[in-house]
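459 is the number that our numbering gives to position 183 of the sequence shown; each next residue is one higher, with no gaps.
The next block holds one structure in the form of structure tokens; read it before the comments.
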Amino acid sequence: MTPPLRPCWQNCAVQADAEMQAIDRMEDALAPVDPAIAKVRGLITGLELCHHKADRWVANIIEAIGAGETTKGLGTRVSQVEHPAERVWQNACAALSAWCAGCPIERIDPAFGDTRASDLLAGLGQRSPLKEWQVQRVIEKIRSTIHWPRPLDDPAAQYVWLLLDVGSYEFAYLTTCPEHYREHEEFWQATVRTMIRDTVDGDEAQLSLGLAIDMLWPCHWDFVENLRIVVAAIGGDLHPPTSFAACGRNIATTPLHPRMEVVTQTLRSFCGEDAPESSVDQELLAKLGEPSDERRWLAASLRKTIILQLDPPPAMRSLSAMTGPDWLQNPSSS
Numbered sequence: 277m278t279p280p281l282r283p284c285w286q287n288c289a290v291q292a293d294a295e296m297q298a299i300d301r302m303e304d305a306l307a308p309v310d311p312a313i314a315k316v317r318g319l320i321t322g323l324e325l326c327h328h329k330a331d332r333w334v335a336n337i338i339e340a341i342g343a344g345e346t347t348k349g350l351g352t353r354v355s356q357v358e359h360p361a362e363r364v365w366q367n368a369c370a371a372l373s374a375w376c377a378g379c380p381i382e383r384i385d386p387a388f389g390d391t392r393a394s395d396l397l398a399g400l401g402q403r404s405p406l407k408e409w410q411v412q413r414v415i416e417k418i419r420s421t422i423h424w425p426r427p428l429d430d431p432a433a434q435y436v437w438l439l440l441d442v443g444s445y446e447f448a449y450l451t452t453c454p455e456h457y458r459e460h461e462e463f464w465q466a467t468v469r470t471m472i473r474d475t476v477d478g479d480e481a482q483l484s485l486g487l488a489i490d491m492l493w494p495c496h497w498d499f500v501e502n503l504r505i506v507v508a509a510i511g512g513d514l515h516p517p518t519s520f521a522a523c524g525r526n527i528a529t530t531p532l533h534p535r536m537e538v539v540t541q542t543l544r545s546f547c548g549e550d551a552p553e554s555s556v557d558q559e560l561l562a563k564l565g566e567p568s569d570e571r572r573w574l575a576a577s578l579r580k581t582i583i584l585q586l587d588p589p590p591a592m593r594s595l596s597a598m599t600g601p602d603w604l605q606n607p608s609s610s
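In structure tokens form, the structure reads like this:
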């Protein structure tokens with residue numbers, strides 16, 4: 277009988293394979309695990325390779341393995357320091373808000389990334405109450421995630437999920453319109469039943485517009501392209517030239533693949549396994565410090581997490597290939 281998945285693996289698997297079980301036994305041999313070491317392991321559990329700063333996160337984890345401790349983690353960034361991507365997110369919200377307020381598109385032209393707002397908004401086409409409602413949901417999604425311009429505890433900054441019933445690394449689909457949207461249930465129905473036609477890992481797929489808005493994370497490495505796909509879908513273009521990538525969906529498209537291959541080979545070498553010398557980053561290897569039981573356990577955990585996130589096992593792959601609940605395919609049910 278396969279042992280239950282330990283919480284530390286929740287960001288990359290739904291069940292433990294033989295290699296993960298062997299890594300778990302390494303942890304058991306260390307018991308009790310030093311709290312400082314456990315905190316480093318927590319960084320690995322919090323790693324998401326779809327994040328636009330994932331490369332830096334991995335570098336921080338490697339430094340923490342070498343140091344045997346860390347001061348990094350969620351919420352540790354100095355609040356007065358603006359993140360470089362925040363201006364992109366703010367400009368996107370400002371442009372969408374101006375469109376909803378009726379401002380002519382040609383007068384809405386802040387830049388975010390390599391995209392001009394006027395080019396993005398042109399895809400919305402003729403204004404309608406449904407489109408304005410959908411764009412407002414996009415604005416709320418972005419603002420609730422970046423906590424701008426309101427603080428996190430302000431109810432006006434909260435986003436109400438359109439289609440996802442979200443828990444910690446678990447989710448289910450809603451089966452009825454949320455109470456928050458009941459006044460405009462016809463708009464909600466139209467949004468969740470609109471299907472974007474794209475691909476998942478090269479195979480033809482479809483994605484509910486409601487689900488795409490739910491998964492429109494500003495922190496994603498391809499946020500601007502994802503936003504373009506959503507805005508175009510609101511405007512009626514349901515066949516994007518690129519595929520929507522969020523969380524584990526289309527993770528193979530991340531530009532981090534080559535670098536993470538070097539990282540995993542370096543971690544393999546550190547753990548005493550054979551790895552091509554040309555694929556080992558000697559600088560990273562030095563940062564890991566002298567091998568010890570604690571460091572080998574952490575290095576093996578990081579390597580396995582990266583591998584599983586970039587090439588998810590079947591159970592995780594089926595979760596990441598989200599399109600929407602089955603009832604969306606049956607117009608007579610809701």
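A virtual CB, placed ideally from N, CA and C, is assigned to each residue, including glycine.
- For secondary structure counted as the alpha helix (DSSP H) over 4 or more consecutive residues, the stretch 377-411 holds these complete runs in sequence order: 393-398.
- Here the alpha carbons of D477 and A387 stand approximately 30 Å from one another.
- Residue burial annotation: S404 is exposed, with fewer than 16 other C-beta atoms found within 10 angstroms of its C-beta.
- Going by DSSP, I341 is part of the alpha helix (DSSP H) stretching over 330-343.
- Note on geometry: alpha-carbon atoms of G511 and A448 lie some 28 Å from one another.
- Here L281 has A289, V290, Q291, A292 as same chain residues with Cβ atoms under 7 Å from its own Cβ, once five neighbours each way along the sequence are excluded.
- A Cβ-Cβ distance of about 23 Å is found for the pair W493 and A466, leaving them out of contact under the 8 Å criterion.
- In the three-state reduction of the DSSP assignment, V436 falls in the coil class, being assigned neither a helical nor a strand state.
- In its chain, beyond the 5 residues on either side, Q541 have a beta carbon closer than 8 Å to the beta carbon of P552.
- In the displayed model, V507 falls within a helix according to three-state DSSP.
- According to the DSSP assignment, D587 belongs to no alpha helix (DSSP H), since it is labelled neither H nor E.
- By the Cβ rule, the stretch 493-507 does not count as touching the stretch 295-312, because fewer than three pairs are nearer than 8 Å.
- Among the bridge pairs identified by DSSP, V476 is matched with D479.
- Each residue's CA atom was taken as its position, placing M491 and L438 some 10 Å apart.
- Take A368, set aside five residues on each side of it, and the residues of its chain with a beta-carbon closer than 7 Å to its own are F388, I418, L503, in chain order.
- Less than 7 Å separates the beta-carbon of A393 from that of D385.
- Assigned with DSSP and collapsed to three states, M491 falls in coil, not helix or strand.
- Between S555 and R317 a beta carbon distance of about 25 Å is seen, past the 8 Å cut, so the two are scored as non-contacting.
- Short of 7 Å from the beta carbon of T278, and not among the five residues preceding or following it, lie these beta carbons of its own chain, in chain order: Q291, A292.
- Here D441 carries a strand assignment [DSSP, helix/strand/coil].
- Assigned with DSSP and collapsed to three states, A294 falls in helix.
- Contact between the stretch 558-574 and the stretch 305-314 is established, with three or more Cβ pairs separated by less than 8 Å.
- Taking all protein chains shown into account, T581 has 16 or more neighbouring C-beta atoms within 10 Å of its C-beta and is therefore buried.
- Under the three-state reduction of DSSP, R301 is assigned to helix.
- Its Cα nearest to that of R469, the residue L514 stands out among E559, L514, D441.
- S484 is bridged by DSSP to M471.
- When the beta-carbon positions are compared, W365 and I415 stay at least 7 Å from each other.
- Annotation for H533: the continuous alpha helix (DSSP H) segment containing it runs 533-546.
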